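Sequence positions in the sequence shown follow the working numbering and run 107 to 499.
One structure below.
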Amino acid sequence: MRTLMPIYGTRPEAIKMAPIVAALQESPDFECVVTVTGQHRHMLDQVNELFEIVPDHDLNIIQPRQSLTGIMTRTLEGLDKLFSEHKPDAVIVQGDTTTSTAGAIAAFYHGIPVIHVEAGLRSGNLYSPFPEEANRKITSQITALHLAPTSESKSNLLAEGIPEKDIVVTGNTVIDALFTTVGKQVPFSDPALQELADAGRRILLVTTHRRENQGEAMRGVGRALARIAEAEPDLTIVLPAHKNPVVREAVLPFIEKFPNVVVTEPLAYGEFTRMLALADVVLTDSGGVQEEAPSLGKPVLVMRENTERPEAVHAGTVLLIGTDEDRIVSEVNALLHNQEHYDSMAHAVNPYGDGQAAARTLAAIQALFGTGERLPDFDPTATPLAAEAGTNG
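Encoded structure:
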């Protein structure tokens with residue numbers, strides 16, 4: 107039996123790894139040794155609890171106001187010791203975090219094959235998103251099996267010289283996790299959110315944390331939200347505030363006085379998916395939300411100049427608007443008051459997955475080790491729409 111070691115440390119990684127961990131644990135071909143770095147702590151633990159994952163190893167690297175260098179150093183050192191002791195047959199890393207790249211590099215140093223989940227996303231700008239674009243490109247250079255979520259991601263890898271035989275298009279496992287979780291109707295722990303759900307008010311859901319937006323750009327986001335809150339008293343803005351104090355110090359002073367703004371602690375994943383289903387409009391700089399919201403038929407305004415997830419932009423459910431204060435106000439206003447424009451963005455498309463990405467991932471890993479065959483690549487044109495999953499309630 108082969109030993110596989112999924113390695114992850116942030117909430118988005120945990121969400122997207124959870125369906126794969128479940129598939130590996132059910133497979134007779136592999137022993138699954140779950141390793142977490144703790145790059146995020148509380149949010150990571152929430153996701154593991156939701157999906158009933160108990161890590162086998164926890165490096166617990168988190169420190170206050172941690173730097174990228176610190177995260178990388180502590181992760182490399184912790185994994186170096188772990189690999190020396192356990193010698194897994196392959197490691198599985200996900201996406202674009204410092205944990206994923208450190209996991210891949212540490213494995214490479216030990217001669218351990220790397221399996222990269224959500225491989226091939228590219229924005230074309232090495233410094234945006236930062237440091238994620240560089241993390242992905244570095245990881246691709248030392249990966250044995252590239253699990254691309256879409257055909258566009260596969261094309262990016264092929265353009266960089268990755269052999270086609272080493273790439274499988276799986277769809278994104280975030281859709282597996284989303285479809286599983288949104289149907290649970292997880293109760294809100296914050297009474298203000300439950301009251302909002304019961305009231306049936308229009309909701310603008312906002313998430314912001316991106317490093318390249320921190321500073322004046324993020325203060326501009328705070329000012330824009332204040333203008334929207336003042337102009338739209340019948341709208342409730344919901345902002346699950348990122349734990350990073352730099353983010354909170356930039357945004358919260360502008361909006362805390364408004365009665366139609368609800369600021370919460372970061373929502374557990376189950377609660378977040380329920381709020382996403384309730385929302386009318388989503389304003390974000392997150393990568394994962396760009397994938398989740400279109401699958402629920404929600405218009406998404408992305409506060410970035412570029413994205414490594416262009417599929418939903420091409421489909422028309424995501425619009426890149428940058429961080430200009432006036433532009434944010436204008437684009438939110440257009441969705442709130444122009445029904446034709448809203449409808450043109452809210453049609454449910456699912457360019458990222460069909461809920462079967464974990465099954466394709468398991469089959470691809472079995473094929474890598476000669477115990478099975480790959481499944482056909484994910485084809486979004488054969489994917490049914492998922493509008494029913496996103497009904498408000």
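Note that the Cβ used here is the ideal one computed from N, Cα and C, for glycine as well.
Quick caveat: nothing in here was measured; it's all calculated off a predicted structure.
Open item on the list: If I follow the unbroken alpha helix (DSSP H) through L452, where does it start and stop?
Closed with: In the sequence shown, residue 452 corresponds to position 346, counting from 1. Residue identity differs from the one stated: residue 452 is Ala in this sequence, not Leu. For A452, the enclosing alpha helix (DSSP H) stretches over residues 445 to 452.
> Could you check where the alpha helix (DSSP H) with E137 kicks off and where it finishes?
Replying inline: In the sequence shown, the residue the question calls residue 137 occupies position 31. Looking at the DSSP string, E137 is not in any alpha helix (DSSP H); the run it does join, the beta strand (DSSP E), is 136 to 138.
Practice item. Measure the CB-CB distance between E417 and E258 and report whether it falls below 8 Å. Key: Position 311 of the sequence shown, counted from the first residue, corresponds to residue 417. Position 152 of the sequence shown, counted from the first residue, corresponds to residue 258. Contact flag set, yes.
**Message:** Is it buried or exposed, H420, if we count other Cβ atoms within 10 angstroms and call 16 or more buried?
**Reply:** The residue you call residue 420 lines up with position 314 of the sequence shown. So H420 ends up on the exposed side.
Just verifying my parser: in three-state terms, what is the DSSP assignment at P351?
Position 245 of the sequence shown holds residue 351. When DSSP states are grouped into helix, strand and coil, P351 belongs to the helix group.
Notebook entry, point to check: From V280, S246, L232, pick the residue whose C-alpha is nearest to that of I273; which is it?
Noted result: As a first step, residue 273 is located in the sequence shown; it is residue number 167 there, counting from the start. The closest CA to that of I273, considering only V280, S246, L232, is found on S246.
Measure the alpha-carbon distance for P112 versus Q320 and round it to whole angstroms.
-> As a working mapping, residue 112 is identified with position 6 in the sequence shown. As a working mapping, residue 320 is identified with position 214 in the sequence shown. Their Cα atoms are separated by approximately 31 Å.
| task | Would you list, in sequence order, the uninterrupted alpha helix (DSSP H) runs of no fewer than 4 residues that lie entirely inside the region 324 to 404? | result | Assignment of alpha helix (DSSP H) within the region 324 to 404, counting only whole runs of 4 or more residues, yields 351 to 361, 375 to 384, 394 to 401 in chain order.
Query raised in the report: If you draw a straight line from the C-alpha of L188 to the C-alpha of K271, how long is it?
Result: Within the sequence shown, the letter at position 82 stands for residue 188. Within the sequence shown, the letter at position 165 stands for residue 271. L188 and K271: Cα-Cα distance of roughly 30 Å.
Which stretch, first to last residue, makes up the beta strand (DSSP E) that contains M111?
Start at 1 with the first residue of the sequence shown, and residue 111 comes out as number 5. Residues 108 to 114.
What does DSSP give as the partner residue(s) for I309 in the beta ladder? The count along the sequence shown starts at 1 and reaches residue 309 at position 203. Beta-bridge pairing links I309 to T342.
Q. Where does H315 fall in DSSP's three states?
A. Locating residue 315 in the sequence shown gives position 209, counting from the first residue. In this structure, DSSP gives H315 a state outside helix and strand, which the three-state scheme calls coil.
Should L174 be labelled buried (16 or more other beta-carbon atoms within 10 Å of its own) or exposed?
Indexing the sequence shown from 1 puts residue 174 at position 68. It is exposed - the Cβ of L174 has fewer than 16 other Cβ atoms within 10 Å.
Any 3 or more C-beta pairs closer than 8 Å across the region 322 to 336 and the region 427 to 445
Yes, the region 322 to 336 touches the region 427 to 445.
Outcome for L165 when other beta-carbon atoms lying within 10 angstroms are tallied against a minimum of 16: As a working mapping, residue 165 is identified with position 59 in the sequence shown. With 16 or more Cβ atoms within 10 Å of its Cβ, L165 is classed as buried.
Next item on the list: Count the CB pairs spanning the region 273 to 292 and the region 367 to 386 that are closer than 8 Å, and state whether there are at least three.
Entry: With a cut-off of 8 Å on Cβ pairs, the region 273 to 292 is in contact with the region 367 to 386, counting three or more such pairs.
### Query
What are the partner residues of Q200, as DSSP defines its beta bridges?
Start at 1 with the first residue of the sequence shown, and residue 200 comes out as number 94. Paired residue(s): V223.
- Do you know how far the Cα of T279 is from the Cα of N366? Residue 366 sits at position 260 when you count from the first residue of the sequence shown. Residue 279 sits at position 173 when you count from the first residue of the sequence shown. When only Cα atoms are considered, N366 and T279 end up about 34 Å apart.
- So does L302 have its beta carbon nearer than 7 Å to some heavy atom of the ligand GTP? This structure does not include the ligand GTP; it has no bound ligands of any sort.
Q | Own chain partners of P400 with C-beta closer than 8 Å, once the 5 adjacent residues on each side are dropped | A | The count along the sequence shown starts at 1 and reaches residue 400 at position 294. Same-chain partners within the cutoff: V406, A418, A421, T423, V424, A454, V455, N456, P457, Y458.
query = Would you say the region 205 to 216 touches the region 121 to 138, given that touching needs at least three Cβ pairs under 8 Å?
reply = Under the Cβ criterion (8 Å, minimum of three pairs), the region 205 to 216 does not count as touching the region 121 to 138.
query = Since V406 is in the beta strand (DSSP E), which residue starts that stretch and which ends it?
reply = Counting from 1 along the sequence shown, the entry for residue 406 is found at position 300. Bounds of the beta strand (DSSP E) holding V406 are 406 to 408.
Helix, strand or coil, according to DSSP, for H192 in the structure here? In the sequence shown, residue 192 corresponds to position 86, counting from 1. Note: H192 maps to helix in three-state DSSP.
| said: For M451 and L299, what's the separation of their Cα atoms in angstroms? | reply: Looking up residue 451 in the sequence shown gives position 345. Looking up residue 299 in the sequence shown gives position 193. In a straight line, the C-alpha of M451 is about 25 Å away from that of L299.
Please report the straight-line C-alpha distance between A492 and F285, rounded to a whole angstrom. Position 386 of the sequence shown, counted from the start, is the residue given in the question as residue 492. Position 179 of the sequence shown, counted from the start, is the residue given in the question as residue 285. Its pLDDT being 44, under 50, A492 is placed unreliably by the model, and nothing is read from it.
(Q) What would DSSP say about I427, mapped onto helix, strand or coil? (A) Mapped onto the sequence shown, residue 427 falls at position 321. Three-state DSSP puts I427 in coil, outside helix and strand.
ask   = Between the C-alpha atoms of A347 and V388, what's the straight-line distance to the nearest angstrom?
value = Mapped onto the sequence shown, residue 347 falls at position 241. Mapped onto the sequence shown, residue 388 falls at position 282. Their backbone Cα atoms lie some 15 Å apart in a straight line.
Kindly provide the ranges of any alpha helix (DSSP H) runs that are 4 or more residues long and lie completely inside the region 205 to 264, ordered along the chain.
Within the region 205 to 264, the complete alpha helix (DSSP H) runs of at least 4 residues are 238 to 247.
Tell me the rounded alpha-carbon separation between E224 and K363. In the sequence shown, residue 224 corresponds to position 118, counting from 1. In the sequence shown, residue 363 corresponds to position 257, counting from 1. Taking the straight line from one Cα to the other gives about 40 Å.
key: Cross-strand partners of T141 (DSSP beta bridge)   = In the sequence shown, counting from the first residue as 1, residue 141 sits at position 35. Under DSSP, T141 shares a beta bridge with I113, H163.
*Please name the residue or residues paired with V288 in a DSSP beta bridge.*
Taking the sequence shown and counting its residues from 1, one reaches residue 288 at position 182. V288 is not bridged to any residue.
- Item | Exposure of Y233, with buried meaning 16 or more beta-carbon neighbours within 10 Å | By one-based count along the sequence shown, residue 233 stands at place 127. Exposed.
**Message:** As a quick exercise: from L382, D186, N262, pick the residue whose alpha carbon is nearest that of L227.
**Reply:** For the purposes of this step, residue 227 is taken as residue 121 along the sequence shown, with counting starting at 1. Looking only at L382, D186, N262, the smallest Cα-Cα distance to L227 is reached by N262.
| query | Got a sec, what are the start and stop residues for the alpha helix (DSSP H) I471 sits in? | reply | In the sequence shown, residue 471 corresponds to position 365, counting from 1. Note, I471: alpha helix (DSSP H), 463 to 474.
In DSSP terms, what I66 is bridged to:
What the structure shows of the chain is the stretch from 107 to 499, and residue 66 is not part of that stretch, so it cannot be assessed.
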